[in-house]
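Novice: Shown below is the structure under consideration.
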Amino acid sequence: MEFWMIIPIAVFGFIYIVEKLNKIEKKTDARLKRMEDRLQLITKEMGIIDREPEINKELRQLMEEGKTVTAVKRVREAFGFSLLEAKQYVDKL
Numbered sequence: 001m002e003f004w005m006i007i008p009i010a011v012f013g014f015i016y017i018v019e020k021l022n023k024i025e026k027k028t029d030a031r032l033k034r035m036e037d038r039l040q041l042i043t044k045e046m047g048i049i050d051r052e053p054e055i056n057k058e059l060r061q062l063m064e065e066g067k068t069v070t071a072v073k074r075v076r077e078a079f080g081f082s083l084l085e086a087k088q089y090v091d092k093l
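The sequence shown begins at 1 in my numbering and counts up one residue at a time.
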């Protein structure tokens, strides 16, 4: 009988912890975004030029040849991006 009382408490505890972690993650993501925006603003104000990675030339050439999949693969190898991040990077070129 006592065992059946522990299960709902454990489930609610697990749900509570997951929600807390999601809240912390969202907060951290927002903080990181603000920091990146500030850094970008500071570099622009100081006149620091953000050099384009040298791999971009190779990626553009692959895109012109119609080898999008190969370009995405190269981005993943070079930067360690996820598949979605690599695809978005290639699409922005």
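Ideal Cβ positions, reconstructed from N, Cα and C, are used throughout, including at glycine.
1) Use the C-beta contact count for Leu21: other C-beta atoms within 10 angstroms, 16 or more gives buried, fewer gives exposed.
2) Helix, strand or coil: how does DSSP classify Arg34 here?
3) Is there contact between the region 29-38 and the region 55-69, where contact requires at least three CB pairs shorter than 8 Å?
4) Between the Cα of Asp91 and those of Val72, Gly80, Ser82, spot the shortest distance and give me the residue it belongs to.
5) Ala78 to Ile49, Cα distance in whole Å?
Specialist: Here's the rundown:
1) exposed
2) helix
3) no
4) Nearest C-alpha to Asp91: Val72.
5) 21 Å
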